[in-house]
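Here UniProt numbering is used: the first residue of the sequence shown is 1, the next is one more, and so on.
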Amino acid sequence: MIYTAQQTQNIVITGGPGMGKTSIITHLTAQGYHCIPEVGRMIIIEQMRTQGNKLPWVDPLAFAMEMLGQATADYKKRVSQPAGGFTFFDRGIPDIMGYLSICGIAIPPALEEACHNLPYFNKVFITPPWEEIYVNDAERKQSFSEAIDTYEAMKRVYSNLGYTLIEIPKLSIAKRVQFIVSALQ
1 MIYTAQQTQN IVITGGPGMG KTSIITHLTA QGYHCIPEVG RMIIIEQMRT
51 QGNKLPWVDP LAFAMEMLGQ ATADYKKRVS QPAGGFTFFD RGIPDIMGYL
101 SICGIAIPPA LEEACHNLPY FNKVFITPPW EEIYVNDAER KQSFSEAIDT
151 YEAMKRVYSN LGYTLIEIPK LSIAKRVQFI VSALQ
């Protein structure tokens, strides 16, 4: 696959829930990098606020399609902007495919198409399962075992799509960020 300059600057950080992705994104943002927050968490917060039904524990497919719409919009907005360094995505569009595979739901053609037509940089960073930092909250209801299943699903999906996975070591947030930035140089 030939990447445009913009796509080579779009870096995904994926993995199971509660493994430090958002903390890494927050640290990258504080260092001045452009970052795109996780759409799933934002949708859950909004759906809970409005008493909507596009929630993973109510209607997983509707939740996935809502994520796809927002993630596609975020991706296209970023690619349409002038080049200006790396942009880090807290999960990419292929994460939705991994989510649906965990749920046992067939992948909609629109999602399959987006995964192939909206590529990220070929190096994808993945946070490994790390029980010592895992916590549940209002939006994260999965058990640690389910978090491991999510990690494995993300590994499969990104690998099957041809991305090179780079596992982020279990270090402090600052050292994890340093590892990522160094791997991109």
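For each residue, glycine too, the CB sits at the ideal point set by N, CA and C.
7 Å CB neighbourhood of residue i in its chain, flanking five on each side removed
i	result
Glu-167	Ile-126, Pro-128
Tyr-75	Ile-93, Leu-118
Asp-149	Ile-102
Which of helix, strand or coil DSSP assigns to residue i
i	result
Glu-112	helix
residue 222	Given a span of 1 to 185 for the chain in the structure shown, any question on residue 222 remains unanswerable.
Glu-38	coil
Ile-96	helix
Thr-87	strand
Ile-105	coil
Residue i burial status per 10 Å Cβ neighbour count (16 or more: buried)
i	result
Gly-40	buried
Leu-171	exposed
Arg-49	exposed
Pro-56	buried
Tyr-3	Confidence at Tyr-3 is low in this model, with a pLDDT of 48, below 50, so its placement is unreliable and the value that follows should be read with caution. With fewer than 16 other Cβ atoms within 10 Å, it is exposed.
Asp-61	The sequence as given places Leu at residue 61; Asp does not occur at that position. Leu-61 should be labelled exposed.
Unbroken alpha helix (DSSP H) run spanning residue i, endpoints
i	result
Asn-160	144-160
Asp-59	Unbroken run through Asp-59: none, as it is neither H nor E.
Ile-25	21-30
Residue i versus residue j - alpha carbon distance
i	j	result
Glu-132	Glu-152	18 Å
Gln-185	Gly-52	43 Å
His-34	Phe-88	6 Å
Ile-107	Asp-95	12 Å
Lys-21	Ile-13	6 Å
Leu-111	Val-79	18 Å
Gly-15	Lys-175	18 Å
Gln-142	Lys-77	31 Å
Own chain residues within Cβ distance below 8 Å of residue i, not counting five before or after
i	result
Phe-179	Ile-168, Pro-169, Leu-171
Arg-156	Gly-98, Ser-101
N- and C-terminal bounds of the beta strand (DSSP E) containing residue i
i	result
Phe-121	Phe-121 -> no beta strand (DSSP E), and no H or E assigned at all.
Ile-13	10-15
Leu-171	No beta strand (DSSP E) contains Leu-171, which DSSP labels as neither H nor E.
Proximity test, residue i beta-carbon vs the ligand ZN heavy atom, cut-off 7 Å
i	result
Phe-144	The ligand ZN is not part of this structure, which contains no ligands at all.
Neighbourhood of residue i by C-beta distance below 6 Å, restricted to the same chain and skipping five residues each side
i	result
Met-19	Thr-127, Trp-130
Leu-68	Ile-96, Leu-111
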